[in-house]
Amino acid sequence: MKWSIERTEWLLAVLALGLGLLTVIGLLGRGLWLDEFWTLASTRPEQSWGQFWMIMANEVHPPLHYLLIQIFEKLGVTDVGALRALNILGVPLVLGAAWYAYRQKALDRGQICVLLALYASSPMFLSTFPDLRAYFLVFSSGIAVAVLARVLLQMELREQRWEWQPLLFWGLSLAIFVNLHYFSTFMGGLMTLALILVKRGRGVVPFLCVSAAAAVPAVLLFIIQSLSSGPDIIDWIQTGRIDAIFVMIDEIWSAGARNLVAFGLSVYVLLLLLERRLSWKDVRDPLVLIAVLIGFFGFLVLANAVRPLIIDRYLIAAGGCIITALALLAGGPQAPRWSVIAVCVFALLSQGRAIYKDTYDKTGWRAGAQTVAGLLEDCQSSRIFTEPTRKSEADYMMTHAVRYGLEYYASRNGFSFEELQKGDTVPAAGKCPNIIWFEHVLDADAGREDFLAEIELEFTGRVEMLRAERSMILINRGAES
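First residue of the sequence shown: 44, per our numbering; consecutive thereafter.
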């Protein structure tokens with residue numbers, strides 16, 4: 044049987060997906076960080092469902108990912124690696140949407156190959172899959188929503204009615220997407236609005252009803268959370284007006300897997316289509332997705348100017364729309380014959396580089412705990428202290444998350460600690476020094492005096508400072524030691 048270029052494209056795309064999955068499975072045991080402890084502290088298996096929903100009422104995210112983790116913890120799945128592995132649910136969501144689009148003649152072979160290669164080699168895939176957070180599912184469901192939007196756009200172009208089957212698939216994907224993160228709720232709303240405008244309001248009532256039903260849980264919880272008198276737990280975001288633009292550019296580049304070939308081909312094909320002045324139907328769908336992205340990023344730039352709210356991982360909500368637009372252009376019929384293979388090869392090389400350099404293997408809080416354990420081994424009568432309420436005593440969610448993380452790694456490294464509060468005096472050190480352990484110290488350049496002023500603790504004797512990733516460890520020796 045003669046080998047064909049089409050089989051090569053499929054093979055490379057499947058290899059990229061397989062290599063991506065093997066890479067992230069190997070990262071399921073990497074170190075945990077604050078947001079993952081936030082998830083674990085919010086979904087303790089021993090808490091009641093009433094307690095769970097009380098926590099959700101004071102959250103700043105929709106409930107779906109927390110609910111998924113809480114259900115599995117109630118079923119006895121408490122291992123962090125196993126809970127992280129639940130992100131695998133996002134992969135069949137993407138594959139199912141791509142398969143359905145192929146069956147509906149909304150995506151061709153080349154476009155699907157580019158989609159899968161970019162998906163599996165994107166930092167949004169490789170970095171967020173091993174996280175016990177919602178971001179990987181946001182990324183995956185965002186692709187499914189964008190692909191199904193393409194299906195509906197192509198059906199409208201062929202003057203087919205939006206019947207129950209495509210509307211059902213759209214509604215399910217949208218329900219997952221918008222109930223994971225409020226940035227994805229906003230993106231889902233923009234996608235819905237774009238489809239209504241393209242349809243010009245004709246026969247959109249069923250579509251609008253399905254879309255509205257999908258968003259109901261997120262909208263209701265947002266109203267409840269807005270009425271809550273809890274502390275402002277996003278006041279730490281300090282992204283400036285100009286910085287926000289650069290963060291967005293970085294995330295667009297990241298979403299597209301930093302695939303120079305895919306971006307270059309997409310620009311080339313788009314300019315070619317516009318230059319040839321082809322009919323609106325030949326360029327409409329990628330332009331619709333690009334318009335949605337412009338609306339998404341444009342609004343966020345304006346909102347961030349009023350109140351900083353942009354950080355890189357929140358923009359993962361736009362990742363699916365970006366990848367789908369790139370796939371439509373770089374893998375479409377107007378692209379050069381070898382473009383799909385070139386995109387896939389670049390994706391494989393990118394994955395290989397990430398594996399070789401261990402780009403996505405993070406130590407998290409493990410580094411600080413191991414440093415503390417090493418100091419304790421050197422002088423075993425040292426007392427270990429920590430201050431989990433550094434930010435604000437009123438911010439109970441942050442305190443619970445930090446305390447959970449400290450207890451998690453202390454127990455795994457065979458030591459315990461005593462808690463301090465702001466204004467406390469650290470007991471005088473004896474023969475062995477006191478060890479004061481802090482996690483999630485964001486200011487990498489914090490000097491000794493500035494940090495001591497921030498924590499508001501009183502010391503006797505000398506104080507030395509060590510850094511380990513985002514951990515800060517103070518060694519308090521006696522006055523005469």
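The C-beta atom is built at its ideal place from N, Cα and C for all residues, glycine as well. These numbers come from a predicted model, not from an experiment.
Judged by DSSP secondary structure, residue 398 falls within the alpha helix (DSSP H) whose first and last residues are 382 to 400.
Excluding its 5 nearest sequence neighbours in each direction, residue 188 has C-beta neighbours in its own chain below 7 Å: 216, 217, 220, 231, 234, 363, listed in chain order. In the structure shown, the three-state DSSP call for residue 428 is strand.
In the same chain as residue 459, and ignoring 5 residues on each side of it, the C-beta atoms closer than 8 Å to its own belong to 427, 453, in chain order. Where residue 53 is concerned, the enclosing alpha helix (DSSP H) starts and stops at 48 to 68.
Residue pairing of residue 461 in beta bridges, as defined by DSSP: 428. Between the beta-carbon of residue 55 and that of residue 295 there is about 24 Å, and that puts the pair past the 8 Å contact cut. According to the DSSP assignment, residue 502 belongs to no beta strand (DSSP E), since it is labelled neither H nor E. Taking a C-beta distance under 8 Å as the contact criterion, residue 95 and residue 130 do not qualify as a contact pair. In the DSSP secondary-structure assignment, residue 516 is bridged to 480, 509. Taking a C-beta distance under 8 Å as the contact criterion, residue 172 and residue 359 do not qualify as a contact pair. For the 8 Å CB-CB criterion, residue 449 and residue 482 form a contact.
Only residues of its own chain outside the window of five on either side were considered, and among them 59, 60, 63 have a CB closer than 6 Å to the CB of residue 163, listed in chain order.
Nearest C-alpha to residue 121 among 103, 82, 105, 97: 82.
In terms of Cβ geometry, residue 192 and residue 238 form a close pair [threshold 8 Å]. If you check the CB distance, residue 264 and residue 99 come in under 8 Å.
For the pair of segments examined, the segment 319 to 339 was found not to touch the segment 397 to 405: the number of CB pairs separated by less than 8 Å stays below three. In the three-state DSSP reduction, residue 86 falls in the coil class, being neither helix nor strand. For the 8 Å CB-CB criterion, residue 329 and residue 368 form a contact. When DSSP reads this structure, residue 468 sits in a beta bridge with 501. Note on geometry: alpha-carbon atoms of residue 119 and residue 89 lie some 10 Å from one another.
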